[in-house]
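One rule links them: number in this note's numbering = place in the sequence shown (from 1) + 742.
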Amino acid sequence: MVIILFGAPGVGKGTIGNLLSRALKIPLVSTGDILRRNVKEATELGCKAKSFMEKGALVPDEIIIKMMREEISRLKGGFILDGFPRTFNQVKKLEDAMNNNSYYVVNLKANDDFLIKRLSNRRICRNCGAIYHLVNIPPEKKGICDRCGGPLYQREDDREDVVKERLALFHTKARPIIGYYQEKGILESVDGSLSLDEIVNLIKEKIKDDSHQE
Ligand code: AMP
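This is the structure:
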């Protein structure tokens with residue numbers, strides 16, 4: 743089973759992807775995580791991607807498609823995609839790589855104000871990766887991780903001005919992708935402002951319903 747988690751930055755694709763991955767016992771492949779790891783380790787890929795990511799721009803298709811072709815070729819069985827595809831060109835390349843295997847696209851929806859508030863208040867532990875929200879899930883001590891005592895930081899692309907750029911870009915690129923998957927009849931929309939448990943359960947139900955129809 744292959745599931746594509748689609749939706750605007752900040753809608754929770756990563757968190758939901760991790761929960762689904764554990765529940766369904768299939769790996770999660772997150773383009774953002776792979777790229778950030780490469781930037782941190784200053785690999786050739788990371789050096790190419792860094793400046794695009796800091797601006798909130800998309801990393802060029804040829805770089806992403808090569809990276810994902812390698813990732814997908816390593817996977818056997820099902821997987822969950824977070825952050826890919828993001829352009830129509832990536833949609834087509836993914837389709838070629840899937841060799842007619844079926845997949846589901848889950849469109850997580852939320853409005854821009856909700857996403858701007860969520861992302862611009864997000865802080866991450868540099869040490870263990872724990873995620874905080876300055877209003878909803880604040881750390882006990884300002885700037886310090888409750889779990890490991892590591893320093894908290896704000897992702898360069900979570901600054902409010904960059905978040906707005908990322909959202910505008912998402913809407914432009916997303917429209918044709920959503921239309922395409924809708925026409926193919928494989929798009930399931932889920933309200934991304936529901937609780938995590940509700941979202942994960944809804945996705946599991948939709949997948950179960952679909953597999954009964956086959
Ligand atoms: P994310 O964590 O998914 O929001 O991704 C962080 C950043 O990585 C994005 O703002 C882009 O710069 C880059 N990125 C992630 N996935 C893709 C993709 N499929 N195509 C192009 N750039 C991407």
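Idealized CB from N, CA, C, for every residue including glycine.
When secondary structure is reduced to three states using DSSP, Val833 falls in the helix class. Counting every other CB atom within 10 Å of its CB across the protein chains shown gives Gln832 a total of 16 or more, marking it as buried.
Check the Cα spacing between Val801 and each of Arg860, Leu817, Pro827: the tightest is with Pro827. If you check the C-beta of Ala916 against the ligand AMP, you find no heavy atom less than 7 angstroms away. Non-local beta-carbon contacts of Glu930 in its own chain, meaning distances under 6 angstroms to residues more than five positions away in sequence, involve Val848, Lys948 in chain order. A distance criterion of 7 angstroms places the beta-carbon of Gly774 in contact range of the ligand AMP, judged by its closest non-hydrogen atom. In this structure, Leu909 places its C-beta atom within 8 angstroms of the C-beta atom of Ala750. In the assembly as shown, Ala791 is a buried residue. Its beta-carbon has 16 or more other beta-carbons within 10 Å. The three-state reading of DSSP puts Leu850 in strand, counting E and B together. Here Glu930 is bridged, per DSSP, to Val848. In the assembly as shown, Val905 is a buried residue. Its beta-carbon has 16 or more other beta-carbons within 10 Å. In the three-state scheme derived from DSSP, where H, G and I count as helix and E and B as strand, Val905 is classed as helix.
Leaving aside the five residues that flank Glu882 on each side, the residues in its chain whose CB is nearer than 8 angstroms to its CB run, in chain order, Asp888.
When Cβ pairs closer than 8 angstroms are counted between the two stretches, the segment 765–776 is seen to touch the segment 814–826, the count reaching three or more. About 6 angstroms separates the beta carbon of Leu894 from that of Cys867, a gap short enough to meet the 8 angstroms contact definition. Here Ala799 is not near Val942, since their CB atoms are 8 angstroms or more apart. Separation of the CB atoms of Ala852 and Val753 is rounded to 5 angstroms, and the pair is thereby assigned contact status at 8 angstroms. At a Cβ-Cβ threshold of 8 angstroms, Ile745 and Thr773 do not count as neighbours. The beta-bridge partner set that DSSP reports for Arg865 consists of Tyr874. Where Val781 is concerned, the enclosing alpha helix (DSSP H) starts and stops at 773–782.
In terms of side-chain proximity, the C-beta atom of Arg816 is found no nearer than 7 angstroms to any non-hydrogen atom of the ligand AMP. By the 16-neighbour rule on beta-carbons within 10 angstroms, Met795 is buried. In this structure, the straight-line span from the alpha carbon of His913 to that of Tyr923 is close to 15 angstroms.
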